[in-house]
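Numbering (the numbering used here), first residue to last: 121 to 374.
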């Protein structure tokens, strides 16, 4: 599968010189992508895929933003996390719901690269915690796009994957339209969809242009299938930027 499955565009790239004082902890190519884990003097452990920053130990706000839209659901028995191999979103969901005795009976995370999970368990325990060892969590190593295409009756879906096309000759607009439609079909009426979108590009003109192109595509695709679209902008420390998260609800019939 394409190496871009986990990428979040517009984020800082790891430097082989590590002039920022980072210490490289792991560096390997899995056949799917290049995984690097480093320890930054300010942001702690960091995961990079194909040179692009995914998450740092400082970035608990990311998981909170992804999970918080689900907490309003009274029925939350079947939940899927697409991507999220670092375990941060999975761990945040478990931490949020366990005190409420409201952990889903079917909580599935689908990640294409088993080595992401293994290396994060080894080097980034502050990100994933004990999420991968929780008996209520079911981890599937496989293609999240194929998995969601056949899923039905879910209460919630968290999309923690790329905004870039995963098939050759597919436009970004077509990709976003397709994946949002598949998520809508997988949800029950009243189910909730939560996703990460893009940064504000506060210090980068190219990232601001990217946001202007990308966000309207996401909004249009979401509005075609969902209601009550809500966006929140959250400061993610190691991204050094505000990041936009979006959630919406699948309409009830009638």
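Beta carbons: idealized from backbone N, C-alpha and C, even for Gly.
Residue interval of the alpha helix (DSSP H) (run including residue i)
i, result
"residue 225", "Taken as a continuous stretch (DSSP letters only), residue 225 belongs to no alpha helix (DSSP H), as it is neither H nor E."
"residue 298", "292-306"
"residue 118", "The question about residue 118 has no answer here: the residues shown for the chain are numbered 121 through 374."
"residue 246", "245-248"
For residue i: DSSP bridge partner residues
i, result
"residue 316", "365"
"residue 352", "365"
"residue 382", "Any answer about residue 382 is impossible in this case: the structure gives the chain only from 121 up to 374."
"residue 347", "369"
Residue nearest to residue i in terms of C-alpha spacing, selected from the options
i, options, result
"residue 159", "168, 149 and 144", "144"
"residue 342", "372, 271, 359 and 303", "303"
"residue 311", "147, 155 and 198", "198"
"residue 209", "155, 264 and 279", "279"
"residue 259", "161, 186, 371 and 227", "227"
"residue 111", "215, 266, 301 and 261", "Residue 111 is absent from the model: the chain starts at 121 and stops at 374."
"residue 214", "231, 251 and 192", "251"
"residue 191", "277, 243, 289 and 293", "277"
"residue 194", "221, 288, 340 and 334", "221"
"residue 242", "313, 374 and 146", "146"
Beta-carbon gap between residue i and residue j smaller than 7 Å
i, j, result
"residue 153", "residue 179", "no"
"residue 274", "residue 202", "no"
"residue 234", "residue 356", "no"
"residue 272", "residue 326", "no"
"residue 351", "residue 366", "yes"
"residue 317", "residue 299", "no"
"residue 157", "residue 239", "yes"
"residue 205", "residue 237", "yes"
"residue 217", "residue 165", "no"
"residue 361", "residue 322", "yes"
"residue 264", "residue 296", "no"
Cβ-heavy atom distance, residue i to the ligand COA, below 6 Å
i, result
"residue 297", "No copy of the ligand COA appears in this structure; indeed no ligand is present at all."
*Which whole runs of the alpha helix (DSSP H) in the region 258-287 are 4 residues long or more, in chain order?*
The qualifying runs are 264-270.
*asked:* List, from N- to C-terminal side, the alpha helix (DSSP H) runs of 4 residues or more that fit wholly inside the region 146-226.
replied: Runs of the alpha helix (DSSP H) inside the region 146-226: 180-187 and 208-217.
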